[in-house]
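S.K.: First, the structure itself, so that you have it in front of you.
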Amino acid sequence: MATRTFDDKYPGQPFVQTDNSLESRKELSDKFLGIYNDTGSQRFWQISVIFGVLFGIGLLGYFWKIFATKDPGDFGYYAALFSFLMTTSAGAPMVAIGPRIANAHWRRSISRVAEIWTLIGTVNLIVFLPLLWVMPSLDNGRRSLVFYWEAKGDWWFPFLIKFSGHIWTTVSIITLIVLGIVLLWVSVMPDLALIRDNAPDGWRKKWASRLSRGWIGSSWQWNWQRHRMGTLGALYFMMLVLTHFFISTEFLMVHVPGWIDSLYPITHAHNALQGGVATVMLTMFVVSRIGPYRHYISLDQFHGLGKLLLALSLLWFWFWFCSFMIFWYGKKPSEQAILKLFVHGPYFPVFLAEFFFVFFIPWWTMVWNPVRRSVWGPAIIAISVLIGTFLDRVRMYVSTWDVAGISADKLAANGGQFSDEYPRNMMLNMTILDDPAFDRIMIIKNFEGLPVPTSAVLPTAIDGVIILGFVSGAVFLYMMASRLIPVINIWEQKELLLYNAEVQFHRAKVKVMGKPR
Amino acid sequence: MLEHTQLTDKELNDELLRDILTMPKWWLPAVLFLAAIVITGYSAFGYMVFNGLGVTGLNRPVFWGFFIANFVFWIGISHAGIMISAILRLTQAEWRRPITRAAEVMTLFSLAAALHTPLFHVGRPWRVFYWIFPYDFSRGIWPNVKSPFVWDPSAVGTYLIASTLFVIVCLIPDLAILRDRAKNKITKFIYAQLCLGFRGTTRQWKLQIVAGILLSALVLPIFVSVHTVVSWDFAVLIGTEGWRSTIFGPYFIIGAVHSGVSAVAMLMALSVWIYGLQNYIKPDHFDAIARLLIVVATTWFFFFFLEWVWAMFTLESPEIALRELQVGPWPWGPLFLIFVITSFVIPVPLWMFRRFRRSAAIMFFTTILVNIGMWLERFLIVIPSLMRRSHLTFDWGSYSPSLIEILIVTETFAFVALGMLLFAKAFPLVPIFDMKEGMRNRHLIKVGRRVIPATIREGLPHHYYNKEHH
Numbered sequence: 000m001a002t003r004t005f006d007d008k009y010p011g012q013p014f015v016q017t018d019n020s021l022e023s024r025k026e027l028s029d030k031f032l033g034i035y036n037d038t039g040s041q042r043f044w045q046i047s048v049i050f051g052v053l054f055g056i057g058l059l060g061y062f063w064k065i066f067a068t069k070d071p072g073d074f075g076y077y078a079a080l081f082s083f084l085m086t087t088s089a090g091a092p093m094v095a096i097g098p099r100i101a102n103a104h105w106r107r108s109i110s111r112v113a114e115i116w117t118l119i120g121t122v123n124l125i126v127f128l129p130l131l132w133v134m135p136s137l138d139n140g141r142r143s144l145v146f147y148w149e150a151k152g153d154w155w156f157p158f159l160i161k162f163s164g165h166i167w168t169t170v171s172i173i174t175l176i177v178l179g180i181v182l183l184w185v186s187v188m189p190d191l192a193l194i195r196d197n198a199p200d201g202w203r204k205k206w207a208s209r210l211s212r213g214w215i216g217s218s219w220q221w222n223w224q225r226h227r228m229g230t231l232g233a234l235y236f237m238m239l240v241l242t243h244f245f246i247s248t249e250f251l252m253v254h255v256p257g258w259i260d261s262l263y264p265i266t267h268a269h270n271a272l273q274g275g276v277a278t279v280m281l282t283m284f285v286v287s288r289i290g291p292y293r294h295y296i297s298l299d300q301f302h303g304l305g306k307l308l309l310a311l312s313l314l315w316f317w318f319w320f321c322s323f324m325i326f327w328y329g330k331k332p333s334e335q336a337i338l339k340l341f342v343h344g345p346y347f348p349v350f351l352a353e354f355f356f357v358f359f360i361p362w363w364t365m366v367w368n369p370v371r372r373s374v375w376g377p378a379i380i381a382i383s384v385l386i387g388t389f390l391d392r393v394r395m396y397v398s399t400w401d402v403a404g405i406s407a408d409k410l411a412a413n414g415g416q417f418s419d420e421y422p423r424n425m426m427l428n429m430t431i432l433d434d435p436a437f438d439r440i441m442i443i444k445n446f447e448g449l450p451v452p453t454s455a456v457l458p459t460a461i462d463g464v465i466i467l468g469f470v471s472g473a474v475f476l477y478m479m480a481s482r483l484i485p486v487i488n489i490w491e492q493k494e495l496l497l498y499n500a501e502v503q504f505h506r507a508k509v510k511v512m513g514k515p516r
Numbered sequence: 000m001l002e003h004t005q006l007t008d009k010e011l012n013d014e015l016l017r018d019i020l021t022m023p024k025w026w027l028p029a030v031l032f033l034a035a036i037v038i039t040g041y042s043a044f045g046y047m048v049f050n051g052l053g054v055t056g057l058n059r060p061v062f063w064g065f066f067i068a069n070f071v072f073w074i075g076i077s078h079a080g081i082m083i084s085a086i087l088r089l090t091q092a093e094w095r096r097p098i099t100r101a102a103e104v105m106t107l108f109s110l111a112a113a114l115h116t117p118l119f120h121v122g123r124p125w126r127v128f129y130w131i132f133p134y135d136f137s138r139g140i141w142p143n144v145k146s147p148f149v150w151d152p153s154a155v156g157t158y159l160i161a162s163t164l165f166v167i168v169c170l171i172p173d174l175a176i177l178r179d180r181a182k183n184k185i186t187k188f189i190y191a192q193l194c195l196g197f198r199g200t201t202r203q204w205k206l207q208i209v210a211g212i213l214l215s216a217l218v219l220p221i222f223v224s225v226h227t228v229v230s231w232d233f234a235v236l237i238g239t240e241g242w243r244s245t246i247f248g249p250y251f252i253i254g255a256v257h258s259g260v261s262a263v264a265m266l267m268a269l270s271v272w273i274y275g276l277q278n279y280i281k282p283d284h285f286d287a288i289a290r291l292l293i294v295v296a297t298t299w300f301f302f303f304f305l306e307w308v309w310a311m312f313t314l315e316s317p318e319i320a321l322r323e324l325q326v327g328p329w330p331w332g333p334l335f336l337i338f339v340i341t342s343f344v345i346p347v348p349l350w351m352f353r354r355f356r357r358s359a360a361i362m363f364f365t366t367i368l369v370n371i372g373m374w375l376e377r378f379l380i381v382i383p384s385l386m387r388r389s390h391l392t393f394d395w396g397s398y399s400p401s402l403i404e405i406l407i408v409t410e411t412f413a414f415v416a417l418g419m420l421l422f423a424k425a426f427p428l429v430p431i432f433d434m435k436e437g438m439r440n441r442h443l444i445k446v447g448r449r450v451i452p453a454t455i456r457e458g459l460p461h462h463y464y465n466k467e468h469h
């Protein structure tokens, strides 16, 4: 029986040869391992020490804050810091996950840069835990996602209801951090095996041997890794959105009576994607232009992410405007008060600055080809977006936590205790709104005209120390992680050799890229 | 895309122009059948104009019924053209090539269907001219520019113009082929006029490509604004429970993309069956669009979930009563169940399996279900909210569509199908020049025992890299 030739099977289709030789792969591995095994420049360690010291000072401020501050309203900047770290560090891995699912080759040299940010979740967990003590239970009569459930029955059920917000934010944040770290581990496994087999004896070799879990690169292991990374990536994205849903509700919306914005959880999650892209862009700029990876992180990566950042900046405006428009057009007193609080009230300068940094500057610069198709342009815009994102978190969290303090006072003045008796069917009766027996309804009515503060809350010195300290802590941890984990994904770079070729096309040489799926 | 049939330019021309230059047997009966439905719909409309809006089921307090639900549905479908064509073009997704034209054309006809539905709804469509030519200057009667009902036609009109331009720009090279191949002098003359003297010079190609990219980028904000403005027809109305929600803009958009992309998948299956385009639309294409649909459908479902969560979160009795009405009593409860099951519960789990994703029949079936569900979604947004509008019991009422409304709404479906058939008779439904480009760009790479499809990378111009390295 005659065997089918390549031409029989794929008639008329041109075939190209890629350079996937053992020598090419070894050369690539050696280059990356050489950089990895280097103990780092003196400048690297000097900068690490500075960030480490700042982190230490931040930790001192942190303990000062949690033991010396009584009023929850004073935790606004602290909550903003938590949200900012959550926005940037937890959003960054999406730069690896999204393009990997879409099979975009340009992500290969920056996927690890993005994934390492998952480790910063551990720093953010330290910031998060005290907020659980500050966040009020449902006893104070605030609205909640538990809706009609009555806090009745055995001790555990009322506990679950009253502390529902605490429980699901904690569970979701921890799950997100764990998922991120597992994703990083699964992704780094083949590179750890490479380090195990090639690094000189020492702590790195030992650490790589333990964590590579017997990786030998069998077909089964590669399939296993590919599927796990796909599943973990999808789960991470879903968990990210869910976590932002909980945070934006339990740390923001429930504290401001009358603020019912069904779009806001999406806006909050979108900020995370925007902040994540900006974080990765800035990191890859540092890694490639100050660090040793200039030849691997090139214009392609900046161009790819630049387009994404432009799209996300436009989306920011759209989401913001959709919410603003409905509140502004409706002219309901409670919603006008919300706009006054967040937009044109005491935080107007912050809003204006945020608007410029997070939308106007990225939009008006990145639409131009010379800016988008450069290395410096997207990197500078990334800084602008990060500043804008931080201002957004300050505007939303500081004002919310300030109002939460006022609301608590008002509640006390009204004798505001949420009644456990809360029959569901009574809700359907309009007359309930006038019945003072139902404290929650009464409270909502009372706050139709939300008391808006007349001046913005300014950060204290301790707030400044904590913010600087923990942002430095995040950078410090990242720098330390870069000594343990290769910052460039070596196996993904080697995989690219399989799919990448150059061919003559008429008078030009062009790149041909294979798409395996 | 591994599945691929490599064809020469001549084979492409012959296959894709076959149904234009010759008359398929089924074409005339199909056109006559659809035209009969359209004529019936227009007759029903004439009857409505003659007798007044009393012949419809619209009555206090439900003044928006089938027509408006149908309007929102068609606006939603129209989003597919831009979604598939512009976004996939900008992201250089190779699998877009055979399906962009059909999607773009569907945009045009569904927008036309959407636009004439509110004209029917107002009962006296000729009054639309008062918007353009206000009839009483002395009393200063002008359309209220603060109303979304003025923004709406402006947005939809802009979208129609932009989409038409987009279709024309992408059609020009194919019109030139038709000009060169047409045998009849009159048709040759018409195609010659339409192709604007395109001869395929380097400059013409460059202009055509740049225009396509620019229009792709410019039309995207319009695409977003159109359905956002449509959503504001509802969302800015402060007194109607269930409508006033900040999420409505993005929720309408993602719903539109869900139903629109589903409609494109449906159209792909029909193109394979009716026009025999199996050499161009492969199981891989169904697989790609199904994977896109999984993402879109899941996002849509999350938005739907959020819309409900925040309705409950208000703890306001009228809002909660409305939600109970939507999911409870006959017919709303069963309709709600059908809506959720058809738009998400059945299709998405099926799309999880590669075998089903690659089947034209399954994709056709599931995407039909999605569109049934998404039509019902719009119906359930419009009607129950209006039924609950008043707190005064004497003003409570229900709604059931009359035969006239059903005929007119059916007409819009026939109108779109007829439009597509007529278009496909005059112009190629698969962009020939785009397919040729895809054939030239395509290569194969052998990795071990596997063969992997590869394509020439349409990245940055080379001088950018040179600049970077120096």
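If you're matching them up, the sequences are chains B and L in order.
Going by numbering that gives the first Met the number 0, the first residue of the first sequence is number 0, and it counts up by one from there.
Going by numbering that gives the first Met the number 0, the first residue of the second sequence is number 0, and it counts up by one from there.
Ideal Cβ positions, reconstructed from N, Cα and C, are used throughout, including at glycine.
Is Trp331(L) close to chain B? Criterion is C-beta to C-beta, closer than 7 Å.
M.R.: So no, Trp331(L) is outside the interface.
S.K.: From what residue to what residue does the alpha helix (DSSP H) around Leu128(B) run?
M.R.: 120-133
S.K.: For the alpha helix (DSSP H) that contains Glu93(L), what are its first and last residues?
M.R.: Run containing Glu93(L): none; DSSP gives neither H nor E here.
S.K.: Counting only beta-carbon atoms, is Gly248(L) nearer than 7 Å to chain B?
M.R.: yes
S.K.: Pick out whichever of Trp105(B), Gly90(B), Ala89(B), Ser88(B) has its Cα sitting closest to the Cα of Thr90(L).
M.R.: Trp105(B)
S.K.: Are Ser224(L) and Phe247(L) close, meaning C-beta to C-beta below 7 Å?
M.R.: When the beta-carbon positions are compared, Ser224(L) and Phe247(L) stay at least 7 Å from each other.
S.K.: Should Pro452(L) be flagged as near chain B, meaning a C-beta pair shorter than 7 Å?
M.R.: yes
S.K.: Compare the C-beta of Ile81(L) against all C-beta atoms of chain B and say whether one is closer than 7 Å.
M.R.: no
S.K.: Would you kindly report the start and end of the unbroken beta strand (DSSP E) that includes His226(B)?
M.R.: No beta strand (DSSP E) holds His226(B); the alpha helix (DSSP H) holding it covers 218-246.
S.K.: Quick check: is the beta carbon of Leu497(B) nearer than 7 Å to any beta carbon in chain D?
M.R.: No chain D is present in this structure, whose protein chains are B and L.
S.K.: From which residue to which residue does the beta strand (DSSP E) around Thr454(L) run?
M.R.: For Thr454(L), the enclosing beta strand (DSSP E) starts and ends at 449-455.
S.K.: Consult DSSP for Asn69(L) and reduce its assignment to one of helix, strand or coil.
M.R.: helix
S.K.: If you scan the region 22-52 of chain L from start to end, which runs of the alpha helix (DSSP H) of 4 or more residues do you find wholly inside it?
M.R.: Runs of the alpha helix (DSSP H) lying entirely within the region 22-52 of chain L, each at least 4 residues long, are 26-50 in chain order.
S.K.: Assuming Phe188(L) contacts Leu174(L) under a Cβ cut-off of 8 Å, what Cβ separation, rounded to an integer in Å, is found between them?
M.R.: Actually they do not touch by this definition, with Cβ atoms about 12 Å apart.
S.K.: Of all Cβ atoms in chain L, is any one closer than 7 Å to the Cβ of Leu308(B)?
M.R.: no
S.K.: Which same chain residues, not among the five before or five after Gly254(L), have their C-beta less than 7 Å away from its C-beta?
M.R.: Gly75, Trp299, Met373, Glu376
S.K.: For His442(L), decide whether its Cβ has a neighbour in chain B, counting only Cβ atoms nearer than 7 Å.
M.R.: yes
S.K.: Give, in chain order, every residue of the region 269-290 of chain L whose Cβ lies closer than 8 Å to some Cβ of chain B.
M.R.: none
S.K.: So with Cβ pairs under 7 Å, would you call Met395(B) a contact of chain L?
M.R.: no
S.K.: With a threshold of 16 other CB atoms inside 10 Å of the CB of Asp286(L), please say whether the residue is buried or exposed.
M.R.: buried
S.K.: Would you kindly work out how many angstroms separate the C-alpha atoms of Ala91(B) and Val112(B), rounded to a whole number?
M.R.: 9 Å
S.K.: With DSSP as the reference, label Met362(L) as helix, strand or coil.
M.R.: helix
S.K.: Residues in its own chain within less than 7 Å of Trp202(B) by CB, not counting five upstream and five downstream?
M.R.: none
S.K.: Between the C-alpha atoms of Met438(L) and Thr4(L), what's the straight-line distance to the nearest angstrom?
M.R.: 9 Å
S.K.: Listed in chain order, which residues of the region 251-265 of chain B have Cβ atoms closer than 9 Å to some Cβ of chain L?
M.R.: Met252, Val253, Ile259, Asp260, Ser261, Leu262, Tyr263, Pro264, Ile265
S.K.: Between Ala191(L), Leu164(L), Leu269(L), Asp151(L), which has its C-alpha nearest Gln207(L)'s C-alpha?
M.R.: Leu164(L)
S.K.: Please state if the CB of Phe66(L) and the CB of Phe108(L) are separated by a distance shorter than 7 Å.
M.R.: no
S.K.: For chain B, is any of its Cβ atoms less than 7 Å away from the one on Asn12(L)?
M.R.: no
S.K.: Let's see if you can read the secondary structure: which residues bound the alpha helix (DSSP H) around Ala289(L)?
M.R.: 282-312
S.K.: Identify, in the order they occur along the chain, each residue of the same chain with its Cβ nearer than 8 Å to the Cβ of Phe50(B), setting aside the five sequence neighbours on each side.
M.R.: Ser471, Gly472, Val474, Phe475, Met478
S.K.: Counting C-beta neighbours from all protein chains within 10 Å, is the total for Asn270(B) 16 or more, i.e. buried, or is it exposed?
M.R.: buried
S.K.: Can you give, in chain order, each stretch of the alpha helix (DSSP H) that sits fully within the region 357-409 of chain B and has at least 4 residues?
M.R.: 360-365, 368-371, 375-392
S.K.: For Asn19(B), collect the residues of the same chain with a Cβ closer than 7 Å to its Cβ; drop the 5 residues on either side in sequence, then sort them by chain order.
M.R.: If we look at Asn19(B) and ignore the five residues flanking it on each side, its Cβ neighbours are Leu496, Leu497.
S.K.: Buried or exposed: His442(L), going by 16 or more other Cβ atoms within 10 Å of its Cβ?
M.R.: Burial of His442(L) is indicated by the presence of at least 16 other C-beta atoms within 10 angstroms of its C-beta.
S.K.: For His442(L), list the residues DSSP reports as bridge partners.
M.R.: Ala453(L)
S.K.: Going by DSSP, what residue range makes up the alpha helix (DSSP H) through Glu323(L)?
M.R.: 316-326
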